[in-house]
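Before any comments, here is the structure.
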Amino acid sequence: MRNQLSRIVITVCFVILAVYFLWPTIQDYNYRKELSRLNGADSIAYAEKNHDDMLEAKLKRMKLGLDLQGGMRVVLEVDIIQLLNDIAKNRDDNFNTIIKEVRTETSANEVSVIPVFIKKFQDRGIRLSRYYGNIRDDDDKIISMLEDETEKAVDRAIEIVRNRVDQYGVSEPGIQKQGGRRIIVALPGVKDENEVRQLLRGTALLEFRLLKDPQISYKVMDAIDRYLTGKTDLDTAAAASAKDKEKKEPEKRRDALTELTGGTTVSETDTSAEAQIAREHPFYLYVRPDQQGNGEGYVAEKDRDRVVRLLERPEVQNLIPADFEFLWSAKVQTFRDEQKFYILYPVKKTPELTGNVITNAQASVDPEDNRSIVNMEMNSEGSREWARITGANIGKRIAIILDKGVFSAPVVQGKIPGGRSRITGMDSPSEARLLEIVLKAGALPAPVTTIEQRSVGPSLGEDSIKAGMNSTIIAIIFTILFMIVYYRSAGAVADFALIFNILFILGVMAGFQATLTLPGIAGIVLTIGMAVDANVLINERIREEMAGGKTLRAAIDAGYEKAFSAIIDSNITTFLTGLVLYQFGTGPVQGFALTLMIGIGASLFSAIIITHVIFNIMTEKGVNPNFG
Amino acid sequence: MRLFKKTNIDFLNVRRICYLISSSLILIGIITMFVKGLSFGIDFKGGTEIVLAFQERIEVSDIRTALTKVQLGNSEIKYYGTDNYVLINTGEQAEGTTIADHIKSAVQASMPDKAFEVVKEDKIGPKIGKELRTDALYAIIWAFAAILAYIAIRFKFAYGLGAVLALIHDVLITLGFLTILNGLIPGLNLDISQEIIAAFLTLIGVSVNDTVVVFDRMRENQKIYRSMSLGEIMRKSLNETLSRTLITSLTIFLVLVVLLVFGGEVNRGFAFTMAFGIITGTYSSIFVASAFVLDWTQYKNRKKAAA
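Going down the list, the sequences are from chains B and H.
Under this note's numbering, the first residue of the first sequence carries the number 89, and numbering increases by one thereafter.
Under this note's numbering, the first residue of the second sequence carries the number 88, and numbering increases by one thereafter.
Right, dumping it as structure tokens:
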């Protein structure tokens, strides 16, 4: 009986612990039910009265996965290669080739970028100090410096993403680092994908850049046009290297032209005005120079991709002077005749000022035209610079650029004191609000790309919860009935232990603050089927021992003793696969692996300890359990 | 109640026939995999998957017509559970959720009178897909390695080998079965997804359970009946544990059927895979794992005697 007592005490302790951990979840459920029952003023009063308790219950309750409550999960990858490119100095052709190679090699799989990157330099016998750190630094020092930089960049990116998400207002967001350069963002209850995309996508790099002289812009456009028709007198920079390329040059030109036209050719005999333009000025057919002498180009929405590809070609890049580039307008512009255009702005490459001087941003509405805008304030240093820049460039245009997209390019009317500036051209107040958030949170140290995005609507989540609940309950009823029919009172004892088992699983999950997912529920359902296995093993063994002539009491003890090694060995092998699954799985599958492992542990305890205690007590009291 | 009386079936006598049956099943499966191809879900191939819920029954062909207009006509389109839920799945890649947006606007434009709600939208980059594939492969290899090591330590190396062989047998037959059935049963999506991989790993864990219970009984009987031959020990142990093996498999099978019927769309592929796997798992722990151990030991003994 002493032995029994300790087992009973342990069981009772576990039950109390499980209930203690589950209590906030139960309370949270009750509060919600009450709130949905009450309405109007009553529910507000109820919420106010129980505010603190409700908050605590909410914090400590068992978390539901995104697949059950609806929401979005986004995996971002910080572009380390871009970062390595950005912090390098004296970049040359060698360096650019390496960057390109590293990008192709690491795009296919999850390898660390830095070792690959460094190996490229070492293979070529180039010292890293040519591009990074101090000229006297040895490679090891620079490597550790680069590792440190990227680590910091990823951490800072997480910090900024968290700021953005917090300001956007998501309850219980989950933001964590995965591996060296990934960020997992879980946003429960979030429905609007467009907003989230805007919130997470951009680096939010704000730049103020001067526009290039329109005349030069026109000249460059002319040069590109002439190049495409083949009438070009090659630019001096290109001419130097033209000799060895001479043969390939016409082919490249044709390629570039096909890139732009998409392969459509104009018949020589077609004499319509359009065909004539297409033949003589293919570039202007797609990019129309503005008529006001601003040096801008207008590109129809449908042609944008083609022009982007054309401008990316190295031979076209050679035609553009090194100190400026063409940037696109951030938004498509609609003209009076309902045609949609993107604008190409010729802007200088070096920004006059960047967004790190911004201290505050505020979404607002322009009183003149009722369009959404964002007003910005700068720190004192930024304000002084801004005043100087605007003062020195009266009559010129300054482009306000966010993540390489030009929002506006107003003419400077006069010196602007006090560090005020604004971004105009927002489509909606919500877009302005999102921009306010990302500007306040600051720019990301390196670009991030979304490599995975999953969203589940709340209605599917509700269906899943219902399906999960139903299948759990039905599985329990089936199993309970089966055990009673097959093993009679011994089956009932196993069923009793099964109920404890489920309580323990939920308790452990709540205690670890684990997240319950739909596959997790599948894990619980499966555990119900498997949990009785230990009891089946024991009960079959007891039947055998009784058939061998042992008394009931002796058969029970022998049954437990002899079944033990089989139970342990078989459960450990299952547990091992659960462990492997947890290690390699992601998200919901990990939830499954977790419940499976917890379930195995809990079922071992309840099937071996609890049922044995009950059998012993029954036999001591003279109630003989029936093994069917 | 007793479903199984004390039995004395000579399972191992028919093991040669079983080898034949198993190898032909595996062969059929592998041939199907090559002919039909393994069909991966977007978790593993990357792409976009979107589930639209309509108010009423919707024709798959209408959706296809709508998507053909935006060059996405080759997408996989099927019912998701019921016939007012449609799952659209494409391997096309583009930045962000552009593809999903194309799909939504195309469907809306072509069926303006039919309102729908987006209940699920996944976009997986090609990189993630590739990583998940290698991860899944590693997971299965690691699971095999862990089981082999554990059983080799607790029993003998040959037992570990037999158990893992039986598991490989289960995985291959189940995979072949899934490949054959995929696309044939309406409303049941058997593309290889993360959930299906989870089902395979769980299957490995549960199937080895039966094998271990048989081995445990053999270990025990070997100590008691020292003069008995391995074949006789095995026959005795298999018969003694038969009732337990079948009862346990039956309860797990029942629970999986419950999950299949009531567990929701996400769990359906999982439950189906496991339910079938439980059957092969039960079969293989009797006819493959133990039979292999017997043949292996006999072969070793003959070699020793010859030497």
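From the three backbone atoms N, C-alpha and C, an ideal C-beta is built for every residue, glycine too.
Every value quoted in this text rests on a predicted model; they were computed, and no experiment measured them.
When the Cα atoms are used, residue 402(B) and residue 443(B) turn out to be separated by approximately 30 angstroms. In this structure, the CA atom of residue 676(B) is about 13 angstroms from the CA atom of residue 543(B).
Between residue 219(B) and residue 179(B), the CB-CB gap stays under 8 angstroms. Residues of the segment 505-533 of chain B that bring their beta carbon within less than 8 angstroms of a beta carbon in chain H are absent altogether. For chain B, the residues of the segment 354-372 of chain H that bring a beta carbon within less than 9 angstroms of one of its beta carbons are 354, 357, 358, 361, in chain order. Interface residue (Cβ-Cβ distance to chain H less than 8 angstroms): residue 119(B) is not classified as such.
Neighbours of residue 616(B) in chain H, taken as residues at a C-beta separation under 7 angstroms, are given in chain order as 342. DSSP, read as helix, strand or coil, puts residue 345(H) in helix. Our two residues, residue 314(B) and residue 304(B), have alpha carbons roughly 15 angstroms apart in a direct line. In the three-state reduction of the DSSP assignment, residue 468(B) falls in the helix class. With a 10 Å radius around the Cβ and a threshold of 16 neighbouring Cβ atoms, residue 144(H) comes out exposed.
For residue 275(B), the three-state secondary structure derived from DSSP is strand. The closest CA to that of residue 350(H), considering only 649(B), 459(B), 551(B), 527(B), is found on 551(B). Using a CB distance below 7 angstroms, the part of the segment 548-561 of chain B facing chain H consists of 548, 551, 552, 555, 556, 558, 559, ordered along the chain. At a cut-off of 8 angstroms, the C-beta of residue 545(B) has a neighbouring C-beta in chain H. In this structure, DSSP gives residue 90(H) a state outside helix and strand, which the three-state scheme calls coil. If you draw a straight line from the Cα of residue 244(B) to the Cα of residue 531(B), it comes to about 10 angstroms. Following the DSSP letters along the chain, one finds residue 617(B) inside the alpha helix (DSSP H) bounded by residues 606-635. Ranked by Cα distance from residue 256(B), the options 528(B), 316(B), 165(B) are led by 528(B). For residue 171(H), the enclosing beta strand (DSSP E) begins and ends at 169-177. Bounds of the beta strand (DSSP E) holding residue 448(B) are 446-453. Checking the DSSP bridge columns, you'll see residue 543(B) partnered with 160(B), 208(H). Taking the CA atoms as reference points, residue 624(B) sits about 21 angstroms from residue 364(H). Cβ neighbours of residue 273(B) within its own chain (closer than 6 angstroms, five residues either side excluded): 162, 263. By the Cβ neighbour-count rule, residue 151(B) is buried, with 16 or more other Cβ atoms within 10 Å of its own. About 13 angstroms separates the CB atoms of residue 381(B) and residue 309(B); that is not less than 8 angstroms, and the two are not in contact. Judged by beta-carbon spacing, residue 141(H) lies within the 8 angstroms limit of residue 201(H), meaning their Cβ atoms are closer than that value.
When Cβ pairs closer than 8 angstroms are counted between the two stretches, the segment 685-699 of chain B is seen to touch the segment 586-599 of chain B, the count reaching three or more. Residue-level contact by beta carbon fails for residue 156(H) and chain B, as no gap is shorter than 8 angstroms.
Across the structure, residue 478(B) and residue 498(B) are spaced so that their CA atoms are roughly 11 angstroms apart. Within 9 angstroms of the CB of residue 281(H), the CB atoms of chain B belong to 607, 673, 674, 675, 676, 677, in sequence order along the chain.
The beta carbon of residue 238(H) sits closer than 6 angstroms to the beta carbons of 246, 247, 250 from its chain, once the five residues preceding and following it are set aside; these are given in chain order. Any Cβ of chain H closer than 8 angstroms to the Cβ of residue 542(B) would place that residue at the interface, and such an atom is present.
The beta strand (DSSP E) runs lying completely inside the segment 241-303 of chain B and spanning 3 residues or more are 262-266, 270-276, 294-298, given in chain order.
Under the three-pair Cβ rule at 8 angstroms, the segment 608-615 of chain B does not count as touching the segment 128-135 of chain B. Look at residue 406(B) here: in three-state DSSP terms it is coil, with no helix or strand label.
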